[in-house]
Amino acid sequence: MSYALNNPQEASGFVATLRKHFFATKFDAVMSLAFGALVIWAIVSILDWAVFDAVFRLENRDQCTYDAGACWAVIESRGRLIMFGLYPYAEQWRSTLACLVIIATMMLSCVPLFWSIRRLPILWVGGFATFVLLMRGGFWNMPLVTSEQWGGLALTLFIFSAVFVIGMPLAVLFALARRSDLPVIAKTFGLIIDFVRSLPLLTILFAAAVVVPLIAPEALQGNKLMRVVVAFAVFFAAYQAEIIRAGLQSTSAGQEEAAVALGMPYWSLVVDILLPQAFRNTLPSTINQAVITFKETSIVTFVGFFELMASGNAAIGTGEWGNQYVEVYVFLALVYFLFVFGLSRYGAWLETRMRLGHG
Amino acid sequence: MHTILASRRFRRAAIQAAFVGFILLVLVGLVVTTQQNIVAQGIATGFGFLERTTGWPINFSVIEVSARSTYARIILAGLLNTMLVGFLTLFFASVLGIILALLRVSRNTLLRLVGTTYVEVFRNIPVVLQVFFWYAVLTHLPGPKEAHSLAGVAMLSNRGIVLPSFTFVENGLVYLALGVVAAGLWLWFTRNRISRAVRLGVGLGGVAALFVGLVVLGYEPGAPILSLPYLKGLRIAGGVTLKPEMTALVIGLVLFGAAYIGEIIRGGLIAVDRGKLEAGRALGLSSFQINRLILVPLALRASLPSLTNQYVWLMKATTVGLAVGYPDYFAVISTSINQSGQTLELLALLMGGFIVLNYSIAFVMNAINDRIKIKGRS
Amino acid sequence: MADPAISIQSVDKYYGDYHALRDVSLTVPDGETLVICGPSGSGKSTLIRCINGLETYASGTVNVLGLAVGDDRHLCNLVRKQVGMVFQNFNLFPHLSVLENCVLPQIRAIGQDRDAATKVAMAQLHKMRVEEHAEKFPDQLSGGQQQRVALARALCLKPKIMLFDEPTSALDPEMISEVLDVMQSLAKEDMTIICVTHEMGFARAVADRVILMAEGRIVEEGTPEQMFTAPTQQITRDFMKAVHR
Numbered sequence: 103m104s105y106a107l108n109n110p111q112e113a114s115g116f117v118a119t120l121r122k123h124f125f126a127t128k129f130d131a132v133m134s135l136a137f138g139a140l141v142i143w144a145i146v147s148i149l150d151w152a153v154f155d156a157v158f159r160l161e162n163r164d165q166c167t168y169d170a171g172a173c174w175a176v177i178e179s180r181g182r183l184i185m186f187g188l189y190p191y192a193e194q195w196r197s198t199l200a201c202l203v204i205i206a207t208m209m210l211s212c213v214p215l216f217w218s219i220r221r222l223p224i225l226w227v228g229g230f231a232t233f234v235l236l237m238r239g240g241f242w243n244m245p246l247v248t249s250e251q252w253g254g255l256a257l258t259l260f261i262f263s264a265v266f267v268i269g270m271p272l273a274v275l276f277a278l279a280r281r282s283d284l285p286v287i288a289k290t291f292g293l294i295i296d297f298v299r300s301l302p303l304l305t306i307l308f309a310a311a312v313v314v315p316l317i318a319p320e321a322l323q324g325n326k327l328m329r330v331v332v333a334f335a336v337f338f339a340a341y342q343a344e345i346i347r348a349g350l351q352s353t354s355a356g357q358e359e360a361a362v363a364l365g366m367p368y369w370s371l372v373v374d375i376l377l378p379q380a381f382r383n384t385l386p387s388t389i390n391q392a393v394i395t396f397k398e399t400s401i402v403t404f405v406g407f408f409e410l411m412a413s414g415n416a417a418i419g420t421g422e423w424g425n426q427y428v429e430v431y432v433f434l435a436l437v438y439f440l441f442v443f444g445l446s447r448y449g450a451w452l453e454t455r456m457r458l459g460h461g
Numbered sequence: 002m003h004t005i006l007a008s009r010r011f012r013r014a015a016i017q018a019a020f021v022g023f024i025l026l027v028l029v030g031l032v033v034t035t036q037q038n039i040v041a042q043g044i045a046t047g048f049g050f051l052e053r054t055t056g057w058p059i060n061f062s063v064i065e066v067s068a069r070s071t072y073a074r075i076i077l078a079g080l081l082n083t084m085l086v087g088f089l090t091l092f093f094a095s096v097l098g099i100i101l102a103l104l105r106v107s108r109n110t111l112l113r114l115v116g117t118t119y120v121e122v123f124r125n126i127p128v129v130l131q132v133f134f135w136y137a138v139l140t141h142l143p144g145p146k147e148a149h150s151l152a153g154v155a156m157l158s159n160r161g162i163v164l165p166s167f168t169f170v171e172n173g174l175v176y177l178a179l180g181v182v183a184a185g186l187w188l189w190f191t192r193n194r195i196s197r198a199v200r201l202g203v204g205l206g207g208v209a210a211l212f213v214g215l216v217v218l219g220y221e222p223g224a225p226i227l228s229l230p231y232l233k234g235l236r237i238a239g240g241v242t243l244k245p246e247m248t249a250l251v252i253g254l255v256l257f258g259a260a261y262i263g264e265i266i267r268g269g270l271i272a273v274d275r276g277k278l279e280a281g282r283a284l285g286l287s288s289f290q291i292n293r294l295i296l297v298p299l300a301l302r303a304s305l306p307s308l309t310n311q312y313v314w315l316m317k318a319t320t321v322g323l324a325v326g327y328p329d330y331f332a333v334i335s336t337s338i339n340q341s342g343q344t345l346e347l348l349a350l351l352m353g354g355f356i357v358l359n360y361s362i363a364f365v366m367n368a369i370n371d372r373i374k375i376k377g378r379s
Numbered sequence: 039m040a041d042p043a044i045s046i047q048s049v050d051k052y053y054g055d056y057h058a059l060r061d062v063s064l065t066v067p068d069g070e071t072l073v074i075c076g077p078s079g080s081g082k083s084t085l086i087r088c089i090n091g092l093e094t095y096a097s098g099t100v101n102v103l104g105l106a107v108g109d110d111r112h113l114c115n116l117v118r119k120q121v122g123m124v125f126q127n128f129n130l131f132p133h134l135s136v137l138e139n140c141v142l143p144q145i146r147a148i149g150q151d152r153d154a155a156t157k158v159a160m161a162q163l164h165k166m167r168v169e170e171h172a173e174k175f176p177d178q179l180s181g182g183q184q185q186r187v188a189l190a191r192a193l194c195l196k197p198k199i200m201l202f203d204e205p206t207s208a209l210d211p212e213m214i215s216e217v218l219d220v221m222q223s224l225a226k227e228d229m230t231i232i233c234v235t236h237e238m239g240f241a242r243a244v245a246d247r248v249i250l251m252a253e254g255r256i257v258e259e260g261t262p263e264q265m266f267t268a269p270t271q272q273i274t275r276d277f278m279k280a281v282h283r
């Protein structure tokens with residue numbers, strides 16, 4: 103392996119391009135052939151398993167033997183369980199709609215029209231509230247479905263957006279507090295942030311689920327889902343606070359002075375001047391944090407919630423579909439991949455755009 | 002009065018005092034509520050329970066444990082399990098990460114494509130899912146009777162991977178590990194003082210001697226020195242068994258971690274100023290020498306801070322072992338909480354353990370960073 | 039005699055152990071144009087920043103337009119609404135357009151409504167001859183244009199006193215005059231102006247009084263003519279010679 107440090111004269115044409123990309127040196131040629139063979143073998147095997155030898159429909163279930171291709175029939179049979187968990191069958195349209203609402207909210211957040219300190223929170227709070235109302239029901243002709251019955255992808259999206267909606271304002275609060283020029287407040291919040299960041303997420307969720315009932319009075323406990331979501335939000339806020347703090351630091355001190363000299367109140371300095379710039383400067387890191395959070399929702403399965411990961415495991419179970427774990431896991435992977443890859447691609451695109459022009 | 006209230010100094014003091022007061026109020030409230038709840042539920046407090054025997058076993062440990070071990074010993078075993086998986090993961094993920102980074106910056110388009118595909122696939126799937134997947138794969142291997150055999154010396158079955166092993170004295174692997182660490186420290190601290198030949202000789206020789214010594218001490222007449230796995234009745238005996246729990250956890254974490262470490266190292270490679278490499282060429286250094294003497298050292302220094310973060314994160318990620326029943330520190334403590342009810346003390350131990358682990362890793366990495374960083378830049 | 043616009047009595051300021059202002063006293067009558075000059079580190083910037091409360095001081099008093107600038111936050115705020123400031127580095131808000139830079143402070147600081155604020159802003163931008171850039175963003179403008187926008191922004195609040203902290207020091211030479219021109223026309227109105235600068239030509243043209251500071255003290259003061267042609271202190275002589283190339 104060596105860097106492309108040389109070759110000022112670049113030949114053109116198909117053969118020359120081929121040579122440059124794949125066969126530049128003897129070593130390169132060997133690697134190309136070896137990896138090429140490997141890649142082709144891998145692609146052919148995967149296609150064979152996943153498509154050509156696969157069984158897609160439930161009615162053909164008997165054709166699913168051990169040696170054949172993928173048995174995608176499991177998706178048709180258990181797909182609803184994976185998507186919606188134990189949500190009542192007749193009401194699953196609500197769950198679908200709610201998921202679409204959140205997805206729409208996420209996509210609208212990418213439109214610069216919404217990038218103001220007032221519109222973005224309204225968009226998210228609105229989207230989130232619509233989601234909860236749809237899922238919970240209890241009015242019009244939508245019967246009540248409590249949060250214990252929420253599951254699958256819908257629960258994953260709920261946890262993700264709840265963490266965002268609660269965690270973001272908290273992160274701003276943490277960041278401002280840590281930057282405060284009142285030393286007691288700055289140091290205390292610094293300790294809190296560093297402490298939370300040094301622990302695994304699972305520990306914090308576990309503490310919220312199991313320990314809080316022991317140390318908090320009845321009135322403040324809430325149900326387990328609420329506790330876990332709030333704990334998750336605090337965890338998110340600790341990481342996001344550091345990102346925001348870095349963004350605040352990169353805005354020059356002179357602007358603060360100008361705002362003070364103009365007699366602008368402190369809240370205006372923060373809301374109109376500092377925060378918009380801090381967020382704009384740290385957008386890629388923020389998106390990255392969102393991506394990580396989406397993946398981390400799978401950890402919630404360990405405190406007993408029936409989100410996407412858990413419902414996938416339930417779909418496999420030990421029953422009739424026990425051997426189709428690969429198909430189910432691949433399906434789960436695809437669902438996660440869709441959201442996570444989409445988000446991170448968007449983040450990369452944003453980063454390029456910001457580097458080239460004015461945000 | 003108004004003047005006093007509006008006074009800058011007074012306000013600052015007052016706000017801070019109110020804040021401290023509020024925090025104290027919350028803490029006192031929590032303590033009081035906890036006391037009430039503890040009394041109501043009849044739980045004892047204090048760390049005395051650590052000397053009680055647990056009455057339950059764990060399925061894997063580096064040190065000797067059984068259902069009659071004390072809580073203290075079981076918790077220590079859990080901590081060691083976490084460290085074992087953690088260090089294995091860090092090591093293998095780093096190796097794979099380096100390979101990935103090299104693929105990603107290669108001039109060969111095919112290699113770049115392979116690297117990019119790997120990184121995008123493994124980074125965008127949650128690590129929990131990956132660990133579950135590998136565990137399912139390993140537990141769906143055939144039973145011991147139909148176990149796959151690798152070149153006749155290893156066997157794969159749903160009970161685990163059995164590799165050939167030397168028969169060491171009791172806890173021999175732990176001593177060997179300590180020996181390797183000692184050799185590493187030796188090599189590090191004698192970096193610029195003794196000639197390379199002597200250093201390597203002493204280091205490797207010392208480890209080899211330790212190895213031989215451990216085998217000799219564990220020697221039992223009639224038993225083979227190298228133990229190969231073989232089918233014995235319904236199970237596989239001999240050799241050393243890598244249980245599916247640990248194997249799945251390590252494989253999952255390594256594949257996931259390598260994607261991130263690869264990206265960090267790639268960032269470090271890219272961050273090296275091209276001008277330095279050109280200077281090397283102008284001086285007549287070969288490609289290999291440029292890489293070894295200029296590129297790799299500078300790339301390493303550039304990526305060290307991010308690498309530290311990633312290592313700390315990976316160590317915390319071992320808690321995912323709960324997914325597959327691996328008795329890591331977290332799993333052991335949560336079972337202890339269930340069995341003994343000493344929630345607060347155990348939780349404190351849990352948090353304390355992780356904080357200590359994290360700071361240790363960060364401390365070592367920062368020490369290395371300080372030693373090798375380029376002077377003059379902050 | 040009317041109350042002086044600014045009255046500074048025996049002000050001391052420390053940065054840690056460093057004695058930045060040593061027992062400084064200064065009275066600025068209404069409508070005066072005052073230029074403060076001196077070697078760097080002399081405390082000139084520190085002094086004018088004490089006037090609008092951007093710096094605190096250890097002892098002494100600062101009275102601006104009859105209000106005490108000090109510990110009292112409420113009074114400080116009132117003072118800032120009457121005192122405008124232009125900085126060496128312009129300090130425009132980069133994420134807002136030029137027009138918005140001038141409109142937002144009016145809305146937030148003095149509670150003006152948007153329409154009225156926009157009218158005032160456009161008028162000031164016109165006076166500073168930068169109105170055609172109203173919809174642009176600060177980093178699309180040259181340094182001289184940015185500084186004029188900064189001046190317009192400060193003037194939108196209709197201050198009675200303007201402070202200038204080395205307004206042309208960060209500008210390329212060809213842009214200095216465009217900024218000094220608008221400052222000169224400002225000086226001709228009866229605004230009280232205090233300007234920290236090295237631009238002696240400006241001082242000569244419009245200053246009523248020139249003060250030289252060194253090592254945290256006021257060393258000498260007088261009319262521009264006196265200071266430039268017949269300074270009494272050695273420090274002043276040395277400084278004028280160094281500046282007058």
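Chains as they are written, first to last, in the working numbering: chain A, 103 to 461; chain B, 2 to 379; chain C, 39 to 283. Glycine is no exception: its CB is placed at the ideal position from the N, C-alpha and C atoms.
Under the DSSP assignment, lysine 198/C falls outside any beta strand (DSSP E); it carries neither an H nor an E label. Chain order gives the chain A residues near threonine 344/B as Val312, Val313, Leu316, where near means a beta carbon separation below 8 Å.
Per DSSP, the unbroken beta strand (DSSP E) holding glutamate 258/C starts and ends at 255 to 260. Look at the segment 130 to 141 of chain C: the residues with a C-beta under 9 Å from a C-beta of chain A are Leu130, Phe131, Pro132, His133, Leu134. With contacts defined by Cβ atoms closer than 8 Å, asparagine 82/B and serine 62/B form a contacting pair. In the three-state DSSP reduction, leucine 376/A falls in the helix class (H, G or I). If you compare the alpha carbons of Ile373/B, Met366/B, Arg372/B, Ile16/B with that of leucine 284/A, the shortest gap goes to Ile16/B. Taking the Cα positions, phenylalanine 125/C is about 39 Å away from phenylalanine 266/A.
As computed with DSSP, glutamate 409/A is found in a beta bridge with Gly254/A. Measuring C-alpha to C-alpha distances from arginine 382/A to each of Asn415/A, Gln351/A, Leu307/A identifies Gln351/A as the nearest. Listed along chain B, the residues sitting closer than 9 Å to valine 442/A by beta-carbon distance are Arg124, Asn125, Ile126, Pro127. The beta carbons of threonine 403/A and alanine 412/A sit about 4 Å from each other, so the pair counts as a contact at 8 Å. In the DSSP assignment, histidine 149/B falls outside any alpha helix (DSSP H) and within the unbroken beta strand (DSSP E) covering 149 to 151. Contact check between the segment 232 to 250 of chain C and the segment 68 to 82 of chain C: three or more CB pairs, one atom from each, fall below 8 Å, which counts as touching. Rounded to whole angstroms, the separation of the alpha carbons of valine 168/C and leucine 385/A is 32 Å.
Alanine 260/B sits close to valine 120/B, with the two beta carbons spaced by under 8 Å. Apart from the 5 residues on each side of it in sequence, threonine 353/A sits with its Cβ closer than 7 Å to the Cβ of Leu376, Gln379, Ala380 in its chain, given in chain order. Contact between valine 138/B and glycine 322/B does not hold, since the beta-carbon distance rounds to 16 Å and is not under 8 Å.
Annotation: the continuous beta strand (DSSP E) that includes histidine 57/C extends over 56 to 66. When C-beta atoms of the segment 210 to 217 of chain C are compared with those of the segment 190 to 198 of chain C, fewer than three pairs fall below 8 Å, so the two segments do not count as touching. For the segment 337 to 363 of chain B, the residues whose beta carbon sits under 8 Å from a beta carbon of chain A are, in order, Ile338, Thr344, Leu345, Leu348, Leu351, Met352, Phe355, Ile356, Asn359, Tyr360. Close to chain A, meaning a Cβ-Cβ distance shorter than 9 Å, are the following residues of the segment 73 to 96 of chain C: Arg87, Asn90, Gly91, Leu92. Residue environment: glutamate 227/C is assigned as exposed (fewer than 16 neighbouring CB atoms within 10 Å of its CB, all protein chains considered).
By the CB criterion at 8 Å, phenylalanine 233/A and serine 263/A fall inside the cutoff. Between the alpha carbons of tryptophan 314/B and alanine 392/A lies a distance of about 17 Å.
When Cβ-Cβ separations below 8 Å define contact, serine 288/B makes no contact with chain C. For methionine 200/C, the closest Cβ of chain A is not nearer than 8 Å. One finds Ile418, Tyr427, Val428, Tyr431 in chain A with Cβ atoms closer than 8 Å to the Cβ of alanine 137/B, taken in chain order.
It is roughly 23 Å from the alpha-carbon of proline 127/B to the alpha-carbon of glutamate 453/A.
DSSP, read as helix, strand or coil, puts phenylalanine 240/C in helix.
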